[in-house]
Structure formats: structure tokens, C-alpha cells
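Novice:
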Amino acid sequence: MRAVVVPEPGGPDALVVAELPDLTPGPGEVVLDVVATAVNRADTLQRMGFYPPPPGTSDVIGLECSGRVRAVGEGVEGWSVGDEACALLAGGGYAEQVLVPAGQLMRVPDGVPLEVAASLPEVACTVWSNVFMLAHLQPGETFLVHGGAGGIGTFAIQTAKALGARVFTTAGTPEKQQLCLDLGADRAISYRDEDFVTVVSEAGGADVILDNMGAKYLESNVSALATEGRLVIIGMQGGTRGELDINALLRKRGAVIATSLRARPTAEKSAICRAVEEHVWPLVSDGRIRTMVDAEFPLEEAGKAHALMESGDHTGKILLRT
Numbered sequence: 021m022r023a024v025v026v027p028e029p030g031g032p033d034a035l036v037v038a039e040l041p042d043l044t045p046g047p048g049e050v051v052l053d054v055v056a057t058a059v060n061r062a063d064t065l066q067r068m069g070f071y072p073p074p075p076g077t078s079d080v081i082g083l084e085c086s087g088r089v090r091a092v093g094e095g096v097e098g099w100s101v102g103d104e105a106c107a108l109l110a111g112g113g114y115a116e117q118v119l120v121p122a123g124q125l126m127r128v129p130d131g132v133p134l135e136v137a138a139s140l141p142e143v144a145c146t147v148w149s150n151v152f153m154l155a156h157l158q159p160g161e162t163f164l165v166h167g168g169a170g171g172i173g174t175f176a177i178q179t180a181k182a183l184g185a186r187v188f189t190t191a192g193t194p195e196k197q198q199l200c201l202d203l204g205a206d207r208a209i210s211y212r213d214e215d216f217v218t219v220v221s222e223a224g225g226a227d228v229i230l231d232n233m234g235a236k237y238l239e240s241n242v243s244a245l246a247t248e249g250r251l252v253i254i255g256m257q258g259g260t261r262g263e264l265d266i267n268a269l270l271r272k273r274g275a276v277i278a279t280s281l282r283a284r285p286t287a288e289k290s291a292i293c294r295a296v297e298e299h300v301w302p303l304v305s306d307g308r309i310r311t312m313v314d315a316e317f318p319l320e321e322a323g324k325a326h327a328l329m330e331s332g333d334h335t336g337k338i339l340l341r342t
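Residue numbering for the sequence shown follows my numbering, beginning at 21 and increasing consecutively.
#1: Going by CA-CA distance only, name the one from 118, 271, 294 and 199 that's closest to residue 56.
#2: Just to confirm my understanding: we take residue 257, look at its own chain, exclude 5 residues before and 5 after, and list those with CB closer than 6 Å. What are they?
#3: If I'm right that residue 252 touches residue 270 with Cβ under 8 Å, what's the distance once you round it to whole angstroms?
#4: Would residue 245 and residue 223 qualify as a contact pair, given that the criterion is a beta-carbon distance under 8 Å?
#5: Run the CB neighbour count on residue 279, radius 10 Å, all protein chains shown included, and call it buried at 16 or more, exposed below.
#6: Please go through the same chain and pick out, in chain order, the residues whose beta-carbon is closer than 8 Å to the beta-carbon of residue 235, but skip the five residues on each side of it.
#7: Quick test of your reading: residue 89 and residue 50, contact by CB under 8 Å. State the CB separation rounded to the nearest angstrom.
#8: Quick check: residue 137 and residue 106, are their CB atoms within less than 8 Å of each other?
#9: Does the region 149 to 165 come within contact of the region 173 to 185, defined as at least 3 CB pairs closer than 8 Å?
#10: Start and end of the alpha helix (DSSP H) containing residue 201?
#11: Might you give, ordered along the chain, the residues of its own chain that have their beta carbon closer than 8 Å to the beta carbon of residue 100, omitting 5 neighbours on each side?
#12: Quick check on residue 277: buried or exposed, where buried means 16 or more other Cβ atoms within 10 Å of its Cβ?
#13: Quick one: what's got a C-beta closer than 6 Å to residue 142's C-beta in the same chain, skipping five residues either side?
#14: With a 10 Å radius around its C-beta and 16 neighbouring C-beta atoms as the bar for buried, classify residue 268 as buried or exposed.
#15: Could you give the DSSP three-state label for residue 155: helix, strand or coil?
#16: Less than 8 Å between the CB atoms is what I'm expecting for residue 22 and residue 115, so what's the real figure, rounded?
#17: Terminal residues of the continuous alpha helix (DSSP H) containing residue 330?
#18: Name, in chain order, the residues that DSSP records as bridge partners for residue 61.
#19: Using C-beta distances below 6 Å, list every residue in its chain close to residue 342, excluding the 5 sequence neighbours before and after it, in chain order.
#20: Taking DSSP as the reference, what is the three-state secondary structure of residue 294?
#21: Just to confirm the assignment, what range does the alpha helix (DSSP H) spanning residue 252 have?
#22: State buried or exposed for residue 86, treating a residue as buried only when at least 16 other CB atoms are found within 10 Å of its CB.
#23: Would you kindly work out how many angstroms separate the C-alpha atoms of residue 44 and residue 124, rounded to a whole number?
#24: Spatial neighbours of residue 42 within its chain, please: CB distance less than 7 Å, with the 5 preceding and 5 following residues excluded, ordered by chain position.
#25: Suppose contacts are defined by Cβ-Cβ distances below 8 Å. Is residue 207 in contact with residue 247 by that definition?
#26: On a Cα-Cα basis, can you pick out the residue from 192, 163, 98 and 209 that is closest to residue 333?
#27: Report the rounded CA-to-CA distance for residue 302 versus residue 310, giving the unit in angstroms.
#28: By Cβ distance, which residues of its chain are closer than 7 Å to residue 154, with the 5 residues on each side in sequence left out?
#29: Out of 102, 104, 103 and 122, state which residue places its alpha-carbon closest to the alpha-carbon of residue 110.
#30: Tell me where the alpha helix (DSSP H) around residue 179 begins and ends.
#31: Less than 8 Å between the beta carbons of residue 204 and residue 228, yes or no?
#32: Would you list the one or two residues that DSSP bridges to residue 87?
#33: For residue 221 and residue 243, what's the separation of their Cα atoms in angstroms?
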């Protein structure tokens, strides 16, 4: 099979296509013939050598995909050769075949083309597990997501709005701010020209904040929390070390949760996938959540896809087609 590999860490041109052995499923596993995969910020970090895969996971980059079942391992129930699926992965997506624990396979939502379904697993599982399963966002509460025009942001805005929250977001350009409003955000804040703390605090504060910036926004995020607010940190684009004002957090009876999806045990990820199928896929199928694909590249042009991701010029997701 063809797969994208990284012989040496580096820039987007470090990605090269190589021939690797075909895959065979073990007990509880399924092999998919990959139709498409999607590019995530974590992929660019792995390419640079900063985000190695969990032990025992494929060195091939790629955290999600869609495709057709090629082979089924011992003990797998509910899946047959030829079935269409999308999958949450710990790695391996940038390839013509991928090995997946059966619990991390999901049915493709009704009405979504198979290749477009590759854009869904990582964002859907990230948003549902963090915003709803961990932070327990409720109807009527106020939600703030940073980077609203990106893959996570566009999905988070739509999901929170569909389930009855008031939604605030940050975005860099007027065009991206308008996209966020079109997706249902009640207020799109320019992080270049406005202070999101002031805007959100004047509206009563955020009950839940989903943050991909980390250290850079830590103090500001705590300031923007409402009483009993929950800050969920899922990224470190703004650095890894920040100063936490415990007194400010105590006064708000707030919570800071730092979490990642990739390294969780298979059983946990399988439970998240089942919850996404139950709660999120119906919202996708009935159109309340739109799939957001900005660009598609063939597997051989993975470097161009990474360059687009790092430029910040995209909105929504970037796909790689096999």
C-alpha cells in the first residue's frame, strides 16, 4: 500500500509517499481501504517531531479517515467486508489502508458522501467528548470557542447552537467572523481588534470555554469564565507554560480541564464514538451541522495540504484523497 511517511522531521516537504506492507487485522480490529483522510493541526506537529504517536501505534500520520472495510479480525461483530465507515484513529490515516479497533469505527451519517465523512471523526469526537461529556454544556448556557473558523471551531459552533447554547467565538478576519455568524455564532469577536474578555464578560461570562491556545490565553480565559465556568484546554498553539491565578479561579468556583483524545485507551475512544453516533450524527443528517471542507489534495500532495494548514488561510477541514 502507498502511505505518507516522514523519513526526517521537518517542514511540509518532509512528507513523502512510500510503499508499505499491506495490513492484516488482529482480534477486534478492522482494516479499511481508505478513501479519504483529513489534516489536523496535530499532524503538522508530528511531522516536525513534536507529537510522536502513542506506543504501539502506526508511525504514519493521520487521526481520522473514511473508507470501506477490507478485512475483519476475529471477534468483530457488526461489520462486514465492503461496509462504508469513518474512523477515529490514533495514527495511520495518510495511507491506502489503515488498521482500526472496531469500536472506533462509525457509520457514515445519512446524506454525507463517503469521502466527506473523513472530515468528521476527529472534530465530532473532540467537541462532543470535551464540551458535552466533560464540561457538560447545557441548553441556555454561554459557550466560547477560540478559532471559530477552523475545523474544531466550525463544528463546535454548530453543535453548541443546535443544542441550545449561546455561542461566542474568536476569529481573525472579517470573512472568518462572518462565516462563524453564518454557522450560528451569536457573536464573532476579532482577536486582532477586540478584547474577548471584555466582550464575553459584559454578556455575563462563559459557562464553557474550548481553548486550543494554551498558555497564551490562560489568564484571559479564566477572566472570561462565568461563575462555576469550565475551561477546557485541548491545544498548545500559544505555548505550554502559563501562570494560573488560583484566587481568580476560586472566586468563580471555576474548573480548568486539560485533555487530549489521541492517547486515551481504546475503550474510552469507543465509548466516545458510540456517543457521537447517538447524539451528533442525527444533527449532521438533518442539516443542523454542515460538513465544512475547504480544500482537497491527492495523497501525493500532503505537503501542500500541510502548508495550507499552517498558513491559516483555510476555513473548516482539509482532505487528502487516496
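From the three backbone atoms N, C-alpha and C, an ideal C-beta is built for every residue, glycine too.
Specialist: From the atom records:
#1: In the sequence shown, residue 56 corresponds to position 36, counting from 1. When each option's Cα is compared against that of residue 56, the closest is 118.
#2: Looking up residue 257 in the sequence shown gives position 237. Cβ within range, chain order: 232 and 233.
#3: Along the sequence shown, one-based indexing puts residue 252 at 232. Along the sequence shown, one-based indexing puts residue 270 at 250. Between residue 270 and residue 252 the Cβ distance is about 19 Å, and since that is not below 8 Å, they are no contact.
#4: By 1-based counting over the sequence shown, the position of residue 245 is 225. By 1-based counting over the sequence shown, the position of residue 223 is 203. No, the Cβ-Cβ distance between residue 245 and residue 223 is not below 8 Å.
#5: By 1-based counting over the sequence shown, the position of residue 279 is 259. Per the 10 Å Cβ criterion, exposed.
#6: Locating residue 235 in the sequence shown gives position 215, counting from the first residue. Taken in chain order, the residues that qualify are 256, 258, 259, 260, 261 and 262.
#7: Working through the sequence shown from its first residue, we reach residue 89 at position 69. Working through the sequence shown from its first residue, we reach residue 50 at position 30. Yes, they are in contact, since the Cβ atoms of residue 89 and residue 50 sit about 6 Å apart, within 8 Å.
#8: Against the sequence shown, residue 137 aligns to sequence position 117. Against the sequence shown, residue 106 aligns to sequence position 86. The answer is yes: Cβ separation under 8 Å.
#9: yes
#10: For the purposes of this step, residue 201 is taken as residue 181 along the sequence shown, with counting starting at 1. Where residue 201 is concerned, the enclosing alpha helix (DSSP H) stretches over 194 to 202.
#11: Here residue 100 refers to the residue found at position 80 when the sequence shown is read from its first residue. Around residue 100: 89 and 92.
#12: The residue labelled residue 277 in the question sits at position 257 within the sequence shown. By the 10 Å Cβ count, residue 277 comes out exposed.
#13: Numbered from 1 along the sequence shown, position 122 holds the residue referred to as residue 142. Within the same chain, residue 142 has close Cβ partners 60, 83 and 84.
#14: Here residue 268 is taken as the residue at index 248 of the sequence shown, counted from 1. Under this definition residue 268 is an exposed residue.
#15: Stepping through the sequence shown from its first residue, residue 155 is reached at position 135. Here residue 155 sits in coil by DSSP.
#16: Counting from 1 along the sequence shown, the entry for residue 22 is found at position 2. Counting from 1 along the sequence shown, the entry for residue 115 is found at position 95. About 7 Å separates the two Cβ atoms, so the contact holds.
#17: Counting from one through the sequence shown, the residue named residue 330 turns up at place 310. It spans 322 to 331 - the alpha helix (DSSP H) in which residue 330 sits, taken as one unbroken run.
#18: Translated into the one-based positions of the sequence shown, residue 61 becomes position 41. Answer by DSSP bridge pairing: none, since residue 61 is not bridged.
#19: Sequence index remark: in the sequence shown, residue 342 carries index 322 (1-based). Once the five neighbours on either side are set aside, the close Cβ partners of residue 342 are 54, 116 and 319.
#20: On the sequence shown, position 274 is the one that residue 294 refers to. Helix.
#21: The count along the sequence shown starts at 1 and reaches residue 252 at position 232. First-last for residue 252: 245 to 253, but that is the beta strand (DSSP E), not the alpha helix (DSSP H).
#22: Stepping through the sequence shown from its first residue, residue 86 is reached at position 66. Counting Cβ neighbours within 10 Å, residue 86 comes out buried, since at least 16 surround it.
#23: Mapped onto the sequence shown, residue 44 falls at position 24. Mapped onto the sequence shown, residue 124 falls at position 104. Going by the C-alpha atoms only, they are around 17 Å apart.
#24: Taking the sequence shown and counting its residues from 1, the one referred to as residue 42 is at position 22. 21 and 117.
#25: In the sequence shown, the residue the question calls residue 207 occupies position 187. In the sequence shown, the residue the question calls residue 247 occupies position 227. No; because the gap between Cβ atoms is not below 8 Å, this pair is not in contact.
#26: For this step, residue 333 is matched to residue 313 along the sequence shown. Residue 192 is the option with its Cα nearest to residue 333.
#27: Against the sequence shown, residue 302 aligns to sequence position 282. Against the sequence shown, residue 310 aligns to sequence position 290. In a straight line, the C-alpha of residue 302 is about 12 Å away from that of residue 310.
#28: To locate residue 154, count along the sequence shown from 1; it is residue 134. Same-chain partners within the cutoff: 252, 277 and 279.
#29: For the purposes of this step, residue 110 is taken as the residue at position 90 of the sequence shown. It is 122.
#30: In the sequence shown, counting from the first residue as 1, residue 179 sits at position 159. Start and end: 171 to 182.
#31: What you label residue 204 is simply residue 184 of the sequence shown in a count that begins at 1. What you label residue 228 is simply residue 208 of the sequence shown in a count that begins at 1. Cβ atoms of residue 204 and residue 228: not closer than 8 Å.
#32: As a first step, residue 87 must be located in the sequence shown, where it is residue number 67. 54 and 105, per the DSSP bridge assignment.
#33: The residue you call residue 221 lines up with position 201 of the sequence shown. The residue you call residue 243 lines up with position 223 of the sequence shown. About 8 Å.
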